[in-house]
Structure formats: structure tokens, C-alpha cells
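Undergrad: Below are the C-alpha cells for one structure; questions will follow.
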Amino acid sequence: MSGANRIAGQGRLTPAKTARFTFDGKTIDALVGDTVASALLANGVHLVGRSFKYHRPRGILSAGPEEPNALIDVSRDAARRQPNVRAPVQEVFDGMKVESQNRFPSLAFDIGGINNLLSPFFAAGFYYKTFMWPKAAWEKVYEPFIRKAAGLGVSPTEEDPDHYANRYAHCDVLVAGAGVAGLSAALAAAEAGARVILVDEQPEVGGALHFDTSVKIDGQSGYDWAQATAAKLKAMENVTVLTRTTAFGYYNHNFVGLVERVTDHLPKPDKKLPRERLWQVRAKRVILATGSIERHMVFANNDRPGIMLASAARTYLNHFGVAVGRKVGVYTANDSAYEAAFDLKRAGVTIAAIVDNRDKPGDAVLTEARRLGIEVLTGHSVIDTKGKLRVSSMSVARNGGGSARSIAIDALLMSAGWTPSVHLFSQSRGKVAYDAATGRFLPGTYAQDCLSVGSCNGTDGLQATIEESLAAGELMARATGNEGGNKLELSGENAFEWTGGMAGAAEGAGIDTTVKAFVDFQNDVCAKDIRLAVREGMHSIEHIKRFTTNGMATDQGKLSNIHGLAIASEVLNREIPKIGLTTFRAPYTPVTFGALISHSRGDLFDPARKTPMHAWEEAHGAVFEDVGNWKRAWYYPRSGETMHDAVNRECRTVRNAAGLFDASTLGKIEVVGPDAAEFLNLMYTNAWDTLKPGRCRYGIMLREDGFVYDDGVVGRLAEDRFHVTTTTGGAPRVMNHMEDYLQTEFPHLKVWLTSTTEQWAVIAVQGPKAREILEPLVEGIDISNEAFPHMSVREGKICGVPTRLFRMSFTGEAGYEVNVPADYGQAIWEAIWARAEPLGACAYGTETMHVLRAEKGYIIVGQDTDGTVTPYDASLGWAVSKKKTDFVGIRGLKRPDLVKEGRKQLVGLLTKDPNVVLEEGAQIVADPNEPKPMKMLGHVTSSYWSENCGRSIAMALVAGGQARLGQTLYVPMPDRTIAVEVSEMVFVDKEGGRLNG
Amino acid sequence: MRKYSVFAVAREAMRGHKGWEAQWTSPEPRKEYDVIIVGGGGHGLGAAYYLAKEHGITNIAVIEKGWLGGGNTGRNTTIIRSNYLYDESMDIYEHSLKLWEGLSQDLNYNVMYSPRGVMMLSHNVHDKQSFQRHVHANRLYGIDNEWLTPQQAKEFVPVLDISASARYPINGAALQRRGGTARHDAVAWGYARAASDRGVHVIQNCEVKGIRRGPDGAVTGVETSKGFIGAKKVAVSASGHNSVILSMADVKLPLHSVPLQALVSEPMKPIFPCVVMSNSVHAYISQSDKGELVIGAGTDQYNSYSQTGGLQIITHTLDAICELFPMFRRVKMMRQWGGITDNTPDRSAIQGVTPVKNLFVNCGWGTGGFKATPGSAHLFAYLIAKGEPHRLAAGLTLDRFRTGRLIDEAAAAAVAH
Amino acid sequence: MADQALRKAPLAGRHGGSSGARVTPADPATRLALRAGPDAIGTLSLAFGLELPQRPKTSASVSGRHALWLGPDEWLLIDENGADLMGIASGVSALHSATDVSHRNTAILVSGPDAAAAIAAACPLDLGKSVFPVGAAARTVLGKIEIVLLRTGEEDYRVECWRSFSSYAFGMLVEGAEDAGL
Amino acid sequence: MLLIYCPYCEEERSELEFRHGGDAHIARPTNMADISDEEFQEFFFLRDNPKGLIFERWRHIHGCGRFFNAARDTVSDKFYMSYKAGEPKPDIPGVTTATEKTVETYEATEGTAK
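Residue numbers (my numbering), protein chains in the order written: chain A, 1 to 997; chain B, 998 to 1414; chain C, 1415 to 1596; chain D, 1597 to 1710.
Below, the structure is given as C-alpha cells:
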């Protein structure tokens, strides 16, 4: 039922629990617990994918995340589709849809396979040498062709409906990997009382115990011991065990990123479950028990479907109960592959031969092979294979020459030995060291508080691994202050100790430059390509990698790196460590963007800040604009009004009657203490000690380099208390800027700062009827012109609520800004509105605010200034104290280029045709007929239709602007040139009488 | 040197590619050179090439601590554009872009310059003002850069979400069609091959340990891990490490070096046609010829020479990418990495003489040096040969930090570029 | 003379979370940003009726009034009963700065066995029992915003944030609570 | 993501709570108005940008709010110590320069291809 190659009595899956999915439309019967790879193999499907460059048929190489070939597209529904999934990692579930990738029209017949025939032309780096003529053809012809042929899966095109979660976690000891080593270490640390997190990428703990059935620990089978140990750990309060969880990145200061796959194996996941959960772990200590990965053998045509790693075949048999073939060959340079042959043989599979590249395999495995009647060809190599969509035979020859013998097979298992997984160690910035005796890179110098144990540390032997791991677990627990527990002891035994291993091309990979002996399967990098790279002068392993793309595929060189290095080493005749190792970078295996962003999507992507009056504004039809994180009412269109209509109406209304404006987003800082005035003297260009309580002043803040940083109105509430306002966008940085100077430059000053931006809702009431609107609502403040003149502040009540009432104006009209505690904002707004509306007032938004202030020539920092403008450039020289001996920016202002003639200065611009509104950002020239590049004198910073003036108005930064008043300049646009006259910046009420109205 | 061509490739294909020679030679250093260039990245190798080609100086060594192109040349996201704001910036980047347009042919090396367009998304009124200022300035200078409506932007990049319901809706975009990408390694290799062909010595694994000066204070050569090498002129172009090298001659620079991170996704079939940048949501993205989405992240906040950075920088960038392109949430990050960028206070480069005679510096390209490679190299060669800056690089001199004549692209480049 | 206006809390009507972690808006409270040097601590403590904490990450609480250590010269005072904290401060002559932030902040209560895990969805602080016991308080971050966190019970936390960020904070805590409660 | 010891909070906290504040121990001249252009350039722009030991400012902006100083290695990113603002620059015994190689190097290129 679940596949013809399922062997009764083998494996750990339950035959009664079945699942069904489709592969390229064909129904596949599987068992719950199968991976796509094991299910396909059980059903005799070996052809699973096509390679990247030559589109060669490819099968399943591995049983783990190192898989380079069997990449598939997995979907639950149209929007839940995931390309480039590793078939040996993806667990099956009922109803899943699996498609092969990178083939057209079908997996068995792929037109792209032509590339394989053309491969002599497509040698490594060929594209650097051609496609140069004609010039435009690269982008128009060659590149689109290459792009279409490359790539693997197809990107999702719909928004991902799944959600993802994040968890920050802290622990004493994080253990990465839950094989023998990791479980032992976690157990020892946990028994000592440490807060432990144990993670493993597989659905169940056990690591190599999944396939290595010869291991016994504490008298149990290794796999059973692992499950029992995990159960014990899970029951402990101080331990978190996470399976299906990959430690993908090891960052600074023992910060480790984990990704937990929560639902990808479930047929009908609960909608509440996140698809994946990101764990951001800060561990006091880390134990790396990441094991090792078996390498393939490099020989001619080593990539046919049916050729796979020996340990993978063992996993498929011992865990999934699947025989990967019926007549299986083995090609190895390592003892471990023999055990695959033994297991398969015992399960009834024919072993065609074990071809051992070595003259002398380990005695124990040799003896056992003979006992089982398996032919062993020592000192031999597989020099070629045959079989179009699945391997059908191997050619075997004695090393050093001699005639080849063809042996019929339907699967070929290979092992060139084991590569310790030092990825996380290396990501932690530890330095690996090459162990020449065993031909491995092993952890050398540690950079962080971590230890490697087990085979990733080069520890061979089960008992040695257990003892090392227990000791490490205890040591790390003790180092983090845990005193509990007793010393643990565990005994392990296994059938065979493994020896051997090789790196690089075996015999039969050929120095022949036409042989395809694959080093990197996915990227189709062959031994000959590496040799070519070296011939072309690529002597650094990084150059070799980049020139050939070896190790740059989705498996990031887990299988290919060491082979590539060994081949380069041989050609260059230099030892491996002299060629170097490419840097291991996170992630260990690819991680979805969704998991990495976790909650940061939709409303949680970025906070949308709303003022206390937002609901009213929304209800009254406001259109909002984004200003920093804030949503601000932009304008209030009435039925049938365009933006232009609405803004014109609002502008007229404010000047003729009055308007209400939500100014709550302006930054506010309470500056309190006996030295408050002295502090502000240093922070602003103006003088503050002369400001009387109850009065306000407009202040300019500079950076130390003399350029305008922020501005705002500051009110003095008492001798020792100021209410400072900042621009909306500038609020946080101004606060930080002030704290910086206060704490580090002027710590002797007795003054404290508190952000009060959000304490106050601010309602600006502006216009000739402003006083009439407010007067009856205000208690305890005489707001008459005499008692409360322009630029004053008082504390009192409005509608029974405490208020800080400012008499100030950013419109040029008589105006007030009503500050009330934020929770009362909407109620007070409504109360004011109830009086304002019958008097003909309107609510206005930021656009009208911009127009009105421009009519008065008031600048907006960040729009009319850009970080290169001094107060003098902005005609604000009057606000720079001449008496003070110090303020931030005093020296910067005097630098040669800041006092030079001809600087860009802020001026007004009037178009000759009053109906033409300039575009903001448009550039200004003196000679419109000058050829390009033209000399640009400056640009338009603000430009509006002014309904009140009945014409357009603009502000601009113009070189030597003040000296050009009255001059005609030009604004060349794509379709015409606009003539403008340089003018003063005040367009309405030049005398300022309305302010005091 | 054998010319690269389709015919050469075909000929070699017939004989197993046995005839290719080393792209550059790796000789032992001479006792003395006319010019030593410190830093074997694109800028340094390019300067050597142009010195040889245009100024007749061939007795040159390019000294590289690691492997050619192993610094920021080989670590960036390969964006090329010239739509900068200030004259000084337009001068250099447009000069560079013009050289990019003929670089493959000039070097006889396909650097895969691909003018697929660089689109900068505008999300609010402030963005629009700023981008239109760029568009107009570029137009009057003679640089292509056009303003697109949201609909026009979507026609160019079909995967763009221009709905009003986005957190930061798109209200337009600036597009430079001549902008695009190139193959970063090929730039280093192409210059190295062409320079080597003209007699330049390319010396790898040679670390500069000191700068020697004569009695008159002028440089006389460099101490290296391969011993002392004399030089009449020393030119430093060692991105990320310029402060360290220049400090050997007691020259202090207005630089701070910070890690800049980037990442690629797994390869996928073509879905993304050009480069898209967004300053407001802090993201930039393109798709490589291999099919990987290439995504630039931000810089870490602290000085570091570590070529690594924090995960939060990556996640922050991906937040923005997935906000702009929600279909990419199921795409996987395959590899992240970092480079060391040296940044100036005004985010514009420094190229010029130093207080030490015959010591020249090219630094401070920050997060955007790749696009400048040919232009910077070409003008740096002029500076080294003539002893004074070329007209197009005259604004990049060091004295602007004394006088205050800053080229403040910082505001325009709030996001790494 | 106008009537007392209606008060409208930013999170009015919101609720959420899971059986493992309930997320609810706190009632309005009065709050004070209090700054003072060491000399004034005694006098201020007396005036406010609780000992201003002087150790990092600690707080003091007396019948609904809390004083949270935020920095070496900085406390956040919260009075759940709405006492006039500014009034109390104005009676203290020792050098200090008191600023009313009652409306700047709003608070969210997270309660239940999975409360800590819910907060850990976006807060990098170690909330382990030994390092963040009942009474512990700290200013920290929650996703992209700043919060002040106070552990009020074994399974109870008070999350203070600025009002315009409260919707984001609430949404984040609800997502965290949903995931933590699974 | 760094783990930073705050001398005021007396414990290590996540980098997410901190903001870097540039080089430490650069005192603002008390006679600011009178310094020369060169002195201003030195004070405001020129930096050592050291590879190895750096003294830098941090602000625990989302914690206690305090500015403080730290000694760190810019190659390994390891902190040697943190100390309160205003305290003198400490001696970090035996540390002056880079402690490890920083770029991906390979050792030699002398060997030629076979």
C-alpha cells in the first residue's frame, strides 16, 4: 500500500497510519512520518529534480537538509506554496501537492537538458568571456535567456496567508543537536539544574541513531534511549526541548537564532498555530552537538538518480523501512558505508559489490562483509555509471588502470567519509583548525562561550562521545552557577568503529577535461571546473568558489566544500589549510522571510500613531498623510471637493473666520530645574534667561556644525519650568540630542527633561474669530489681547479640564493652541467645534497649515531646510544671539564655507504667470538656454496655490538669494521654462497686524 | 593576452578548455614601484588599469591583504545608478555610469552591466519633494531620472503593491532606466586581468604593516608582510580599512567603519525585473541572474571590522521587503553576510591628496562604492598621475571638513545605497 | 462655565489574549515622571508614602501606588486610585523635577500562566523568575516600541507605553498571548 | 545582536535597548567660540576609527536612559568593560591592537598550477 519498496518488519513507521499526496499529479501512498523522499523511494521514484545549469536528471542524494538535488515545490493550496523544499526534510501529510522544479515540459523530458549537450561551451566562468557584443545585447538577449534557464523553483505570487511567531528566550545552556552527544550534554546540564534549551532539526531526537541501529546505550537500542531521554528532559521544568527546530545562526555574544517548523507537517493545522516560530535565544553557554555530514564520492557521472549517500540509504531502511534498490552497489572510502550494505543485505537486498577506493579497509567490516557473502573490491574505483533517468550500472576498475568491469545495479551508495558540521562554530567566529591526520576541519580557537562535542568536534567513538558530552554539559551548568545533580554515567557500545575517508576527486573523476564528476551537484560544478578555475589564476578558495559557483547552491556547500578544496589543493600542490576555507555564513539552512519577520506584518509592521482626535477626524472625512509614524489629517474634503478645492476652502475659512487644527503630534519636552534657562541658552541660538514666565519665544536649534536641526516655540511656565515644542518628526532626536548634552557635556546643570509629546492633545484655534470661539470655554485665564498677547502661555481650565493655553500662531492669524491632557482631547475638540462651526469655522489639515504658513514665510525645518542650511541662510539670523559666548553650533556657524558669499538663501519666488504653480523640488537657473549640465542656483522648497493671494507662491533656496530680490530667474521644466521673480518671503499681511487681531 | 570572445570559447570547448591562461599573474614584488596602490578591490585595480592605459605609468603594484575583490567589491548588492542630488555627486557617479556602459568592451571581460532600471519608491509628501528635487536636478545635469505615477511604477514592476491600504502607500517613484546591476567579482577580475596585461603587478596576501616616509616627509614605500617595497607614490583605496592604513602615516580621517549586511534568497525563476529601493521603509532589492533575490540591509550602529552584524538588522530589512512584497514571506533567506564600510559625516566620498606628500587616498564611499567603481578608479588614476584632482572629483577633497563645504547626500541616502 | 469633559482612554473597549494569557487595558491612573538626586530621595519618599527604590530593576508598591526605578535619578510613579501626585510633589521643597505624564502613558495588563511567554514574543528582557521576580520593573522594548514593564504578581504584568503606541502594543501582546497559549 | 553591560542597571541587556553614541572621551572645548577651524575639524569630524580597542559611548536609551562608556574590540566585538559617563578612560591591560584576523584570507599564492 505505501510503496512496493517498503520492507515488512523494517523501520519505525506504523503501516496502518497512511497518508496520500501527489507528485507531479501522480498519487503517492505514504505512511505518516514519511518524508517526501522516503515516500517517493518507497514507491520506486528516484527521478525527482533537474540540476541548475545542465538540467541533468537528479534523484535523492541524502536523508537530510544537506540535500542538493531533490528540491521540490510543496503546496497546501494556491497561496500556501513553497518552492525549493528539500524532499528528505519535508514530512508528508494527507493532501499535499508536490511538484518537481526547473523542468519543461516534464521532469522526464526536459528541453533544458540540451544544456547538458552544450556543456562543453558552458565551462565555469564562460559568460565572462563572451556575450559582450553587440553592446546592448547582454541586457536584451543573453541575460534574459540565462535568467530564464537559471533559478530553481517558482516564487510564490500570492500573499502568504499563514502567520509566524517570535519568542525571545534566555537560558544557561543551549544545546544544538539532539543526537547522542547533544542528549548526553543536555541531560548532564539539566540534572545540574541549569536552564536548558535543546534543539534538533528533525521531527524526533536521535540524530545518527535514526540510521545507526548497531548502537546500544545503557542497554537499550540507541534510538529508544534517545526517545526516553528526550521524554525525561521534556518532563523537567528547567528544560525546553524543541524538535523540527533548526539552530540557523550563531551571532555575537551567544545570541542564537532558531526556527521551529510548527505546521508544515500537519494535514489540517489549527488556524491559530503559527506556521513557523522564530526563537531568538540568548544563552549563557552554548554546546554544539551538530554531528557530521557524510560526503559523496567524486567520480564520473556520480549524479544519476539512484546514487546516494550510504547513510541515507541506511536511514531509509532502518527508520522508514524502505529499500532504495534491489541490487545495490556501494562505493566508498570509509568503513561506515559497509554497515549500509550489511543492513540492506540482512533486509534481503542484493549487494552487487562494495567497491572500496582504499587498499585496506577496516578489518572488522571486511570480516563481516565476507561473513555475509558480500563481494568487496578493495583498491578499486567506480569510474563511470550508466542509466538515463536512474542508474543502471557502474563501471569498476582497479586503481592505477586495468580494464573496467560493468556491474548492473539499481542504486549506488557512496561514502567518502564524514565532514564535521562546524557551521555554527564557525559562525560564532571560532577558528577551525585542519587536522591533517583525519583530513578534517575541526573547532580550533573558540571565540565565544561555547563547546563542541561529539562528531562535530572530531570525537570518534561512542563512549568517548558520551563521556565528552556529559562532561561538557556539567561544566557548562556549573559555569553558569548551577550546583545541583550528581555526576552522570552512561555506557554505550556499537558494532564497528569507522575509519577511512577521502576528499577530492577519486580515480575515475579523470583528469580528462570532459568527464562530469560532480563536486557540487545542484550548481553542476565538476572536478574539471575547479581545475579550470585554478588554471585561470583563481588560487584563493574564495575565487574558486565564485568563479565556479562551487558551494553557492542552496545547500551552501555542505557536501561540496571539502571536495572542492581538496581538488584545488591537488592542482595547486599546496596543503589544504594553505588554500583556506570559505567562510560559513548564516543561515545553516535557508529560513523563510516569514519566520524572520515573525509578527512584523500588517498592523504590527510599524506602529501607526494616531492622535486623541483621530476618530473625530476620520468621522469628518479627513484624508490622512503619513508623517513619520503618525497619521495626520491632511485635508477634509467635502462631498464633491477635490483636494485643491478643499484646501482652498480651508485656507479662505481660516483667514476669514477661523479653523481648528490638530497639532498634537508636535514634539513636547518639559524642561525643569533651576538651571533650565541656562541649559536652553546652550541648546538654542536664542537667549532664554530674558524670557519672562508666561511668555513664549520661537527657538532655533543647531547641530554643532552650525546647520539648523530643529525649531519650535518654547513657553516659560515658571522660573524653573519650560514647555518646549519640536517638529513632529524631530521629537525623538531632539530629546536624545538634549539628553546627550545634558548628561555628558553639561552635567553640572540642575535640570531634567521629560517627554510630554503624548501627555497633551493640542488643538490649534486660528483665525479672526478664534478668541470668540474660545472665550466662553476657558476658565481662569483672561484671553483678551491685552492680558494675553501674542506669544503668551497661561495655565487654567477649559470645559473643566486643566489646560496649558498658548497664544501663538503658525498661520499669521490671531491664534491659540489649547493643550489638554490627551484623554480629554477629543471631548475638548468637540466642545470647541460646537462653538466654532456655527461661527463659520472649519477643521483644517496639514496641507492648509502648510499653505497658510508659507503665505507668511514661516519655514518648515526639513522641507525648506535640508541639513545644509544655517539660520542666516533661512533669514533667521535675528534668532541667533550675538551676546552669548556659547551655544551648540556657535563655532560651526563661523567656518569659512558657512560665511561665504553666494550661499543658498531662502527667498520667495513669484511666477511671472500667477496661475502657474511651481513643482516642489524644481531647479532654478539664471540662463535657461545654457547647455547641460546647467548651473543650478537652487531649488523650490515649498510651492502652493494661495487662494488668499489669488496666485501661486513659492519659497526657494537660491544661491545669493537675498541679493537677487527682484531678479528674474528660470525654472526649466521638461515641457516649458517658467520665469520667476525673486521676492520677499512674506506674501500675506507683511506688517503682521493680524497676529494681534 | 588572449582575447576573450565567443570564438575563443568555442575553440576551447573543443579541446577541454585546456588553453586558457591565468587571468592575471602573481609575481614576486619588485624592490620599488612608481606607484603602489593599497587595496585590490575594484577601485584600486581600476586605478592601476587607468594609470597604465591613460597615463603611461605601468610600474605599478596593487597590494592586497587577502584575495582580489574580497572586500566590499565582492560583498555588495551591485546596484549602479547616478541619480544623486548634488553637482559633486552627479559629476562622479554619472562619469562612472558612462564608463560602466562600455566597461565590458573596454576590458574585454563581460562584467554583465545590466541597465534594468533602478526605481526609488516614494511613500509620502516628503519623499515626493525629495525625489522630484533629484529628478529635476538630474534632468538639468543631463542624467536620466523620471518621475512615475504609482500605476506607471506597477507597470514596470508588476509585483509592486500600490494599494492605498498599505501601511506606507506608494505615491510615486523615481526611475533611472540606465541604472541597474553588474557582476561584482567580474569587475575585480576584469580590471586585474587588463591591468596585469599592461604590466601591473597584482600582489595578493600581502598586508601593509607600515608606511615609510623620507626626511622630507614624503612617502618612500610601504612595509608589508612580504618586506619593504619602495614607491614614489602610495595610493590607498582599502575600503573599510582606510583609517587603519592612513594612521600608519599619522593621517586621521573623518571616517567610521561599520558593518553593512546583505542577504540573498534561494534562487527562483525571474520575478523581479529591476532594482527597487525604498528610503521610507528601508529596503532595496533586485534579482540576480542566478535567480536569487539580492537584498541590502542596513548598517549596524557601532564601529566594527568584523564583517558580521546583528540578526535584528536583517529582520528589520525583511520586515520592509515583505511589507512591500507580501508574496515573498514564503521565500527563504539562503545566505547573509557583511562587509565593512567606511563612512564620512556627509556620506560622500573622499578622494584627494593627504597632508603627507605623495600619499593619496580614496575612501569614504560608505554603502555605495560599487556603482562608483569605474569613475572613482578613473579619477583616482588622474589624481595619482597629476598630483591634483580631476575637475570631476574636485569636490571630494578632504579639506571640506575644515571649511564646511559638505556634500550632504546623507538626507537623500538615509537608507544604505 | 463648561462641564467636565468626557475622558476617552486610547484602548477603551479592547480585549484579547488566550486562556494562558489574558490581555486587558488597565484603568486610568495618575502618573508622574519624577527626577531627583540622592539628597531628595528621603523627603520625596516621605511625601509619596513609599520608599523610592534605589536599586536597578526594582519597584515599591503601597496600596495601588507604585514607584518604579527607571534610572539612577528617575522614577515612574503610578497611582491606580488617581491621587493628585503633582499636588504632592509641589509640596516638596527638596530639589526635584515632577512632570505629569498621566495621559502620556497607558497600561495593558497581561495575566495568566503564559503571561511571560506572551510578552517574550516581542520583549528581549529575561523574564525568568530569579532575574525578574514579582516587583521587578524595567524600561525596555516591545517589538518596535518602548515600554515599561512591571511584574505585579507571579502571573501578572503591567505594560506601560505611550498612548499612540498602545494599539501596536496591544496587538503585539494579543498575538504573543495567542501563540504562548497554544 | 550585542549583549551590553549597563553600569547603571548593573546587568547585561540586549543591544535593542541601546543606542551607540560615537567615540568616547572627546570633550567639547570649553572655549568653543574661540577654537580654530582646524581644531573644530579635529573635535567634530576626525576620528581614530581604531581596529581593535575602541572607547565608545552608548546610551541605554530604552532602559535607564543613561549615557555611559564602554571599551570594546572592534574586531571581535567583545566588550572589555563598561563604565559610567565622567569616569576616566580606563587602562585595558595588554590591549592595544587587533586580536584576530579580520578578513577572509588565504595564506599564500606562490604555488603555481600544475
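Even for Gly, the Cβ is constructed at its ideal location relative to N, Cα and C.
1. Just reading off the beta strand (DSSP E) that residue 73 of chain A is part of, what are its end residues?
2. Does any C-beta atom of chain B lie closer than 7 Å to the C-beta of residue 1707 of chain D?
3. Using three-state DSSP, classify residue 1426 of chain C as helix, strand or coil.
4. Based on Cα-Cα distance, which residue from A/930, A/637, A/924, A/859 lies nearest to residue 986 of chain A?
5. On the criterion of 16 or more Cβ atoms from any shown chain inside 10 Å, does residue 1706 of chain D qualify as buried, or is it exposed?
6. With respect to the alpha helix (DSSP H) encompassing residue 1325 of chain B, which residues constitute its N-terminal and C-terminal limits?
7. Quick one, which residues of the stretch 1612-1625 of chain D are near chain C if we go by CB-CB under 9 Å, in chain order?
8. Do residue 28 of chain A and residue 39 of chain A count as a contact pair if the criterion is CB distance below 7 Å?
9. Spell out whether any CB of chain A is found under 7 Å from the CB atom of residue 1511 of chain C.
10. May I ask you to report which of helix, strand or coil DSSP gives residue 1602 of chain D?
11. Using a Cβ cut-off of 8 Å, pull out every chain D residue sitting near residue 251 of chain A, in sequence order please.
12. Check whether the Cβ atoms of residue 1512 of chain C and residue 1521 of chain C sit closer than 7 Å, and answer yes or no.
13. Could you give the residue range of the alpha helix (DSSP H) that holds residue 1501 of chain C?
14. Rounded to the nearest angstrom, what separates residue 1597 of chain D and residue 1307 of chain B at their Cα positions?
15. Output needed for residue 1703 of chain D: all residues of its chain with C-beta closer than 6 Å, excluding positions within five of it in sequence on either side, in chain order.
16. At a Cβ cut of 7 Å, what residues of the stretch 1661-1676 of chain D count as close to chain C, listed as they run along the chain?
17. Say whether the stretch 277-286 of chain A touches the stretch 470-483 of chain A, bearing in mind that this needs 3 or more beta-carbon pairs closer than 8 Å, one atom from each stretch.
18. Looking at residue 1636 of chain D: is its Cβ nearer than 7 Å to the Cβ of residue 891 of chain A?
19. Report all residues from its chain with a CB closer than 6 Å to the CB of residue 493 of chain A; omit the five preceding and five following residues, and keep chain order.
20. Between the Cα of residue 865 of chain A and those of A/939, A/911, A/116, spot the shortest distance and give me the residue it belongs to.
21. Tell me which residues of the stretch 742-764 of chain A have at least one Cβ-Cβ distance to chain C shorter than 7 Å, keeping chain order.
22. So, at 6 Å on beta carbons, what are the nonlocal neighbours of residue 1118 of chain B in its own chain, with the 5 sequence-adjacent residues on each side left out?
23. Is DSSP giving residue 1126 of chain B helix, strand or coil here?
24. What are the residues in the stretch 1147-1180 of chain B lying within 7 Å of chain A by C-beta distance?
25. Give the list of continuous beta strand (DSSP E) stretches no shorter than 3 residues that lie fully inside the stretch 1182-1244 of chain B.
26. Are the C-beta atoms of residue 673 of chain A and some chain C residue less than 7 Å apart?
27. I'd like to confirm the pairing. Which residues does DSSP put opposite residue 198 of chain A in its beta bridges?
28. Considering Cα atoms alone, identify which of A/202, A/947, A/878, A/45 is closest to residue 241 of chain A.
29. Does any residue of chain A have a CB that is nearer than 7 Å to the CB of residue 1331 of chain B?
30. Is there a C-beta anywhere in chain D that falls below 7 Å from the one on residue 1415 of chain C?
31. Indicate whether at least one CB of chain A lies closer than 7 Å to the CB of residue 1493 of chain C.
32. Count the C-beta pairs between the stretch 176-194 of chain A and the stretch 224-237 of chain A that are closer than 8 Å, then say yes if the count reaches three, no if not.
33. For the alpha helix (DSSP H) containing residue 316 of chain A, list its first residue and its last residue.
34. By DSSP's criteria, residue 1680 of chain D is part of a beta bridge. Which residues make up the other side?
35. Taking C-beta pairs closer than 8 Å, name the residues in chain B that residue 1634 of chain D reaches, listed in chain order.
36. According to the neighbour-count rule (16 or more other Cβ atoms, all chains shown, within 10 Å of its Cβ), is residue 1012 of chain B buried or exposed?
TA: The short version:
1. Sequence index remark: in the first sequence, residue 73 of chain A carries index 73 (1-based). Counting along the chain, the beta strand (DSSP E) containing residue 73 of chain A begins and ends at 71-75.
2. Looking up residue 1707 of chain D in the fourth sequence gives position 111. Caution applies to residue 1707 of chain D, whose pLDDT of 33 falls short of 50 and renders its modelled position unreliable; the model cannot decide the point.
3. Locating residue 1426 of chain C in the third sequence gives position 12, counting from the first residue. Coil.
4. Within the first sequence, residue 986 of chain A is the residue found at index 986, counting from 1. Residue 986 of chain A has its Cα closest to that of A/859, out of A/930, A/637, A/924, A/859.
5. As a first step, residue 1706 of chain D must be located in the fourth sequence, where it is residue number 110. Note on residue 1706 of chain D: pLDDT 32, under 50, position unreliable in the model; the coordinate value appears next. That one is exposed.
6. Taking the first residue of the second sequence as 1, we reach residue 1325 of chain B at position 328. Taken as a continuous stretch (DSSP letters only), residue 1325 of chain B belongs to no alpha helix (DSSP H), as it is neither H nor E.
7. 1612, 1613
8. Translated into positions along the first sequence, residue 39 of chain A becomes position 39. Translated into positions along the first sequence, residue 28 of chain A becomes position 28. Closer than 7 Å, so yes.
9. Locating residue 1511 of chain C in the third sequence gives position 97, where the first residue counts as 1. Yes, residue 1511 of chain C lies at the interface with chain A (some Cβ there is under 7 Å from its Cβ).
10. Residue mapping note: residue 1602 of chain D aligns to position 6 of the fourth sequence, counting from 1. Of the three classes helix, strand and coil, the one that applies to residue 1602 of chain D here is strand, per DSSP.
11. The residue given as residue 251 of chain A occupies position 251 in the first sequence. Chain D residues near residue 251 of chain A: 1597.
12. On the third sequence, residue 1512 of chain C is found 98 positions in, with the first residue counted as 1. On the third sequence, residue 1521 of chain C is found 107 positions in, with the first residue counted as 1. Their beta carbons are not under 7 Å apart, which means residue 1512 of chain C does not touch residue 1521 of chain C by this criterion.
13. Your numbering for residue 1501 of chain C matches position 87 in the third sequence. Residue 1501 of chain C -> alpha helix (DSSP H) spans 1499-1504.
14. Position 1 of the fourth sequence, counting from 1, holds the residue named residue 1597 of chain D. Position 310 of the second sequence, counting from 1, holds the residue named residue 1307 of chain B. So the alpha carbons of these two residues sit roughly 4 Å apart.
15. For this step, residue 1703 of chain D is matched to residue 107 along the fourth sequence. With a pLDDT of only 37 at residue 1703 of chain D, under 50, the local geometry of the prediction cannot be trusted, and the value read off the model is given with reservation. There are no such residues.
16. 1661, 1662
17. yes
18. Residue numbering aside, residue 1636 of chain D sits at position 40 when the fourth sequence is read from its first letter. Residue numbering aside, residue 891 of chain A sits at position 891 when the first sequence is read from its first letter. Their beta carbons are under 7 Å apart, which means residue 1636 of chain D touches residue 891 of chain A by this criterion.
19. Translated into positions along the first sequence, residue 493 of chain A becomes position 493. Only 216 meet the Cβ criterion.
20. Numbered from 1 along the first sequence, position 865 holds the residue referred to as residue 865 of chain A. Nearest neighbour of residue 865 of chain A by Cα position, chosen from A/939, A/911, A/116, turns out to be A/939.
21. 750, 752, 754, 756, 758, 759
22. Residue numbering aside, residue 1118 of chain B sits at position 121 when the second sequence is read from its first letter. Taken in chain order, the residues that qualify are 1167, 1170, 1275.
23. Looking up residue 1126 of chain B in the second sequence gives position 129. Three-state DSSP puts residue 1126 of chain B in a helix.
24. 1164, 1165
25. 1198-1200, 1205-1210, 1216-1221, 1224-1233
26. Sequence index remark: in the first sequence, residue 673 of chain A carries index 673 (1-based). So yes, residue 673 of chain A belongs to the interface.
27. Taking the first sequence and counting its residues from 1, the one referred to as residue 198 of chain A is at position 198. Paired residue(s): A/175, A/241.
28. Against the first sequence, residue 241 of chain A aligns to sequence position 241. When only C-alpha atoms are compared, the closest one is A/202.
29. Looking up residue 1331 of chain B in the second sequence gives position 334. Yes, because at least one Cβ of chain A sits closer than 7 Å to the Cβ of residue 1331 of chain B.
30. As a working mapping, residue 1415 of chain C is identified with position 1 in the third sequence. Summary for residue 1415 of chain C: the model assigns pLDDT 38, below 50, so the residue's position carries little reliability; its value from the coordinates is reported in the next sentence. No - not a single Cβ of chain D is within 7 Å of the one on residue 1415 of chain C.
31. Stepping through the third sequence from its first residue, residue 1493 of chain C is reached at position 79. Against chain A, the CB of residue 1493 of chain C has no partner CB under 7 Å away; the residue lies outside that interface.
32. At 8 Å Cβ cutoff, the stretches touch.
33. One-based indexing of the first sequence puts residue 316 of chain A at position 316. Unbroken alpha helix (DSSP H) run through residue 316 of chain A: 310-318.
34. Here the question's residue 1680 of chain D lines up with position 84 in the fourth sequence. Bridge partners of residue 1680 of chain D: D/1664.
35. Against the fourth sequence, residue 1634 of chain D aligns to sequence position 38. Identification of chain B residues near residue 1634 of chain D by a Cβ-Cβ cut-off of 8 Å yields 1399, ordered along the chain.
36. Your numbering for residue 1012 of chain B matches position 15 in the second sequence. Classification for residue 1012 of chain B: exposed.
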